[in-house]
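Below is one structure, written out as structure tokens; the observations come after it.
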Amino acid sequence: MSEEKIQFSFEFFPPKTEAGREKLVTTRNELNKLQPKYFSVTYGAGGSTRDNTLGIVTSMKNEGFNVAPHLSFGGDDEQSMLKLLGKYKNAGVDRIVALRGDIPSGVGGSLQLIYANELVSFIRQHFGDHFKLAVAAYPEIHPEAESYDKDITYLKAKFDAGADYAITQYFYNPDAFFYFIEQCDKAGINKPIYPGIMPIINYKNLARFSANFGADIPRWIAKRLESYADDSASIHVFGLDLVSELCETLIDNGAPGFHFYTMNQVEPSANIIKNLGLSS
Ligand code: FAD
0 MSEEKIQFSF
10 EFFPPKTEAG
20 REKLVTTRNE
30 LNKLQPKYFS
40 VTYGAGGSTR
50 DNTLGIVTSM
60 KNEGFNVAPH
70 LSFGGDDEQS
80 MLKLLGKYKN
90 AGVDRIVALR
100 GDIPSGVGGS
110 LQLIYANELV
120 SFIRQHFGDH
130 FKLAVAAYPE
140 IHPEAESYDK
150 DITYLKAKFD
160 AGADYAITQY
170 FYNPDAFFYF
180 IEQCDKAGIN
190 KPIYPGIMPI
200 INYKNLARFS
210 ANFGADIPRW
220 IAKRLESYAD
230 DSASIHVFGL
240 DLVSELCETL
250 IDNGAPGFHF
260 YTMNQVEPSA
270 NIIKNLGLSS
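Just so we're aligned, residue 0 is where the sequence shown starts under numbering that gives the first Met the number 0, counting upward by one.
Okay, here's the thing in structure tokens:
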């Protein structure tokens with residue numbers, strides 16, 4: 000596959016503070032120079048960042064950025080969801096990352112989450128083909144999945160409901176991704192699946208996220224990162240080499256592009272893109 004065709008997107012989370020919002024303006028302006036296909040903005044569990052995500056997406060849209068909100072039903076009913084989707088449509092948004100999401104911490108078991116395939120169906124039913132729809136995929140399998148095969152069956156259900164492509168949870172073992180793609184092929188999934196790429200910036204946070212999300216950090220990588228302790232310069236150098244090589248392997252084996260979990264930072268993702276020669 001030629002490198003010209005490799006596309007990439009950047010994900011942000013909505014900052015909670017004014018300082019974070021100001022930093023995000025610089026971050027998105029810098030990352031935009033790399034000419035990503037689009038940016039995306041996450042949605043807090045249970046819709047907890049509804050206004051913040053909507054605010055960032057609409058202001059980015061007004062400034063001419065190509066930007067997609069992440070979205071889940073959370074605790075919303077169909078009317079609230081239709082209203083929110085209408086606001087996105089009116090703001091000129093034409094792409095959504097459609098998710099089930101998680102139950103926010105501290106909200107007991109009363110919240111009944113709506114599966115992502117149902118959200119995709121709902122959006123298609125009410126908005127036709129207006130939105131390009133992305134869904135989540137898990138090469139190392141979603142932590143709550145009944146089984147490997149069931150998780151793929153439900154991914155297929157998201158495509159059958161009308162999803163256009165999937166973005167994966169991050170991973171550091173390319174074989175897990177290649178095997179997953181093979182299994183998706185066998186299940187009749189023929190839409191693009193973009194690897195989610197998490198640059199390595201801080202080992203403690205990465206280990207915490209990975210335990211929560213069911214993403215595996217191979218033992219040798221964990222041991223190497225542990226050995227650097229608080230030496231963040233060494234973590235950055237090792238992480239940049241490791242993740243750049245991972246991306247090269249993925250490109251060599253046909254990955255259509257990447258979705259970067261930027262953690263609202265410029266350099267970690269930008270340096271990988273530069274290493275890959277994807278910046279124009
Ligand atoms: P689903 O696809 O609905 O799957 C959830 C679980 O249920 C899986 O175990 C699956 O096997 C099973 N399942 C699926 N469909 C059915 C069905 N019809 N019947 C029975 N079982 C089923 N979280 C956020 O809170 N905000 C975000 O912005 C966010 N962005 C993300 C972006 C990406 C690219 C990824 C990979 C994840 C993101 N997440 C986000 C995390 C995601 O919300 C969680 O992983 C969540 O637990 C599952 O969401 P999903 O859309 O994958 O769920």
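Even for Gly, the Cβ is constructed at its ideal location relative to N, Cα and C.
From which residue to which residue does the alpha helix (DSSP H) around residue 175 run?
173-185
Could you tell me the alpha carbon to alpha carbon distance between residue 100 and residue 44, rounded to whole angstroms?
6 angstroms
Using the Cβ count rule (16 or more neighbours within 10 Å means buried), how would you classify residue 96?
For residue 96, the number of other beta carbons within 10 angstroms of its own is at least 16, and it is reported as buried.
Count the other C-beta atoms from every protein chain shown that fall within 10 angstroms of the C-beta of residue 29, then say buried if there are 16 or more, exposed otherwise.
exposed
Is residue 142 near the ligand FAD, judged by its Cβ being under 8 angstroms from some heavy atom?
yes
Taking only three categories from DSSP, how would you classify residue 17?
helix
Can you tell me whether residue 61 is buried or exposed? The criterion is at least 16 other CB atoms within 10 Å of its CB, across all chains shown.
exposed
Pick helix, strand or coil for residue 32, following the three-state DSSP scheme.
coil
From residue 1 to residue 115, what does the alpha carbon distance come to, in whole angstroms?
No answer about residue 1 holds up, because its pLDDT of 46 lies below 50 and its placement is not dependable.
Under 8 angstroms from any heavy atom of the ligand FAD, does the C-beta of residue 166 make it?
yes
Excluding sequence positions up to five away, which residues of its chain have a Cβ less than 6 angstroms from the Cβ of residue 190?
158, 164
Give the list of continuous alpha helix (DSSP H) stretches no shorter than 4 residues that lie fully inside the segment 221-272.
Within the segment 221-272, the complete alpha helix (DSSP H) runs of at least 4 residues are 231-251.
Can you tell me whether residue 105 is buried or exposed? The criterion is at least 16 other CB atoms within 10 Å of its CB, across all chains shown.
Exposed, since its Cβ has fewer than 16 Cβ neighbours within 10 Å.
Using 9 angstroms as the threshold, is the C-beta distance between residue 98 and residue 263 below it?
no
Under 7 angstroms Cβ to Cβ from residue 172, same chain only, skipping five residues before and after it: list those, please.
215, 217
With C-beta atoms as the reference, is residue 73 less than 9 angstroms away from residue 42?
Pairing residue 73 with residue 42 gives a Cβ-Cβ distance under 9 angstroms.
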